[in-house]
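Everything below concerns the one structure shown next.
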Amino acid sequence: MKLTILGATGSMSGPSSPTSSSLVQADGVDSETGETRTFSIVLDLGPGSFGQLWNHVDPQEVDGLFISHGHADHLADVISYYVFLKWHPEGSRPALLTAGPADIFDRIMQIDGYATTEEMEGCFAFEPLSSGRVIQVGPMTITAFPGYHSVESYGFRIEGPSSDGDGEVVTIAYTGDTDSCEQMVEMARGVDILLAECGFTEELQTRGIHLTGVRAGELATEADVRHLVLTHIQPWTEPEVALAEASSSYSGTIDVARTGDTWVI
Ligand SMILES: [Zn+2]
Ligand SMILES: [Zn+2]
Numbered sequence: 606m607k608l609t610i611l612g613a614t615g616s617m618s619g620p621s622s623p624t625s626s627s628l629v630q631a632d633g634v635d636s637e638t639g640e641t642r643t644f645s646i647v648l649d650l651g652p653g654s655f656g657q658l659w660n661h662v663d664p665q666e667v668d669g670l671f672i673s674h675g676h677a678d679h680l681a682d683v684i685s686y687y688v689f690l691k692w693h694p695e696g697s698r699p700a701l702l703t704a705g706p707a708d709i710f711d712r713i714m715q716i717d718g719y720a721t722t723e724e725m726e727g728c729f730a731f732e733p734l735s736s737g738r739v740i741q742v743g744p745m746t747i748t749a750f751p752g753y754h755s756v757e758s759y760g761f762r763i764e765g766p767s768s769d770g771d772g773e774v775v776t777i778a779y780t781g782d783t784d785s786c787e788q789m790v791e792m793a794r795g796v797d798i799l800l801a802e803c804g805f806t807e808e809l810q811t812r813g814i815h816l817t818g819v820r821a822g823e824l825a826t827e828a829d830v831r832h833l834v835l836t837h838i839q840p841w842t843e844p845e846v847a848l849a850e851a852s853s854s855y856s857g858t859i860d861v862a863r864t865g866d867t868w869v870i
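Take 606 as the starting number for the sequence shown in the working numbering and just add one per residue.
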């Protein structure tokens with residue numbers, strides 16, 4: 606599988622990056638054509654990230670959109686995607702699988718403000734998530750785990766084929782927005798890459814909303830993660846602060862996500 610960062614800041618876009626979004630891709634056999642192709646899913650689509658998506662895949666060819674929760678920094682660019690799908694000069698494609706909490710459809714309708722239900726459902730095939738919901742996209746198995754956030758929110762564990770074609774299953778987990786909780790440990794157990802939000806630093810001890818760098822590191826340690834990637838860092842926080850915090854609680858490899866970064870496993 607291949608993980609690409611489309612947006613790495615949290616809570617708002619910043620001078621160097623769009624907000625939360627990433628692309629996960631894996632090669633597999635298309636059951637309709639019998640041919641091998643690359644399957645692509647997008648995890649969250651915060652402001653500015655839809656433009657970055659074009660740099661890596663034709664948005665017409667994305668197979669699924671997985672939205673962690675209804676906060677605007679994770680979904681607002683769905684409105685850009687809607688215009689793309691509705692008005693593309695080459696015509697429409699089948700409605701795009703779009704999974705998220707049950708209120709996602711209403712949230713997107715609110716942000717757009719003008720589209721009818723029929724127009725929106727012509728572009729997006731909404732699938733409400735619940736704890737443990739499993740969705741298959743080509744060779745990738747995506748499982749939803751509830752987070753501990755101020756609104757209903759999910760993290761995703763993605764299992765798929767190793768990119769070197771040896772038949773092994775590799776794993777990526779993404780926290781969405783969450784504070785520390787047992788469900789996130791379960792989601793991240795033994796994964797090859799954990800993409801973990803750290804919206805707060807230890808200076809802010811508010812609970813029930815975000816991880817800090819320290820808490821992201823604790824999660825990676827408890828879940829025995831192989832590689833920790835920090836994301837959702839607020840633009841006013843120096844990434845080095847998040848990195849130093851996470852290094853105090855996790856001794857494995859840590860990277861700070863930046864737009865355009867890729868990891869192939
Ligand atoms: Zn957020
Ligand atoms: Zn949030």
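Glycine included, C-beta positions come from ideal geometry on N, C-alpha and C.
To the nearest angstrom, how far is the alpha carbon of residue i from that of residue j?
i, j, result
"Val830", "Tyr855", "9 angstroms"
"Val819", "Ser697", "45 angstroms"
"Trp692", "Leu824", "43 angstroms"
"Asp668", "Met745", "11 angstroms"
"Thr609", "Gln810", "30 angstroms"
"Ser616", "Gln839", "6 angstroms"
"Gln715", "Thr722", "11 angstroms"
"Val790", "Thr783", "12 angstroms"
"Pro879", "Thr614", "An answer regarding residue 879 cannot be provided, because it is not within the stretch 606 to 870 covered by the chain."
"Ala801", "Ser625", "11 angstroms"
"Ala778", "Glu807", "23 angstroms"
"Ala821", "Cys803", "6 angstroms"
"Phe644", "Arg812", "37 angstroms"
"Leu690", "Leu658", "14 angstroms"
"Cys728", "His676", "21 angstroms"
"Gly795", "Ala828", "6 angstroms"
"Tyr687", "Ala700", "10 angstroms"
"Ala749", "Val662", "24 angstroms"
"Asp797", "Glu695", "38 angstroms"
"Ser735", "Asp866", "30 angstroms"
Using 6 angstroms as the cut-off, classify the Cβ of residue i as near or not near the heavy atoms of ligand 2, replying yes or no.
i, result
"Asp708", "no"
"Asp782", "yes"
"His837", "no"
"His661", "no"
"His676", "yes"
For a test of the three-state rule: what should DSSP assign to residue i, helix, strand or coil?
i, result
"Leu809", "coil"
"Thr722", "helix"
"Gln788", "helix"
"Pro652", "coil"
"Thr783", "coil"
"Tyr687", "helix"
"Trp868", "strand"
"Asp717", "helix"
"Gly619", "strand"
With distance defined between alpha-carbon atoms, name the residue in the options nearest to residue i.
i, options, result
"Arg762", "Ser768, Gly770 and Pro751", "Pro751"
"Phe731", "Arg738, Leu670 and Ile747", "Leu670"
"Thr703", "Phe689, Ile740, Glu695 and Tyr719", "Ile740"
"Ser621", "Gly653, Arg642, Glu640 and Thr641", "Gly653"
"Val647", "His676, Lys607 and Gly633", "Lys607"
"Ile684", "Ile672, Pro664, Ile713 and Trp841", "Ile713"
"Leu680", "Ala793, Gly781, Ile870 and Cys786", "Gly781"
Do we get a CB-CB distance below 7 angstroms when we pair residue i with the residues of chain C?
i, result
"Met617", "Here there is only one protein chain, and chain C is not present."
Is residue i near ligand 1, in the sense that its beta carbon is under 6 angstroms from a heavy atom of that ligand?
i, result
"Gly696", "no"
"Gly615", "yes"
Measuring only from the beta carbon, is residue i closer than 6 angstroms to any heavy atom that is part of ligand 3?
i, result
"Glu791", "Among the ligands present in this structure, namely ligand 1 and ligand 2, ligand 3 is not found."
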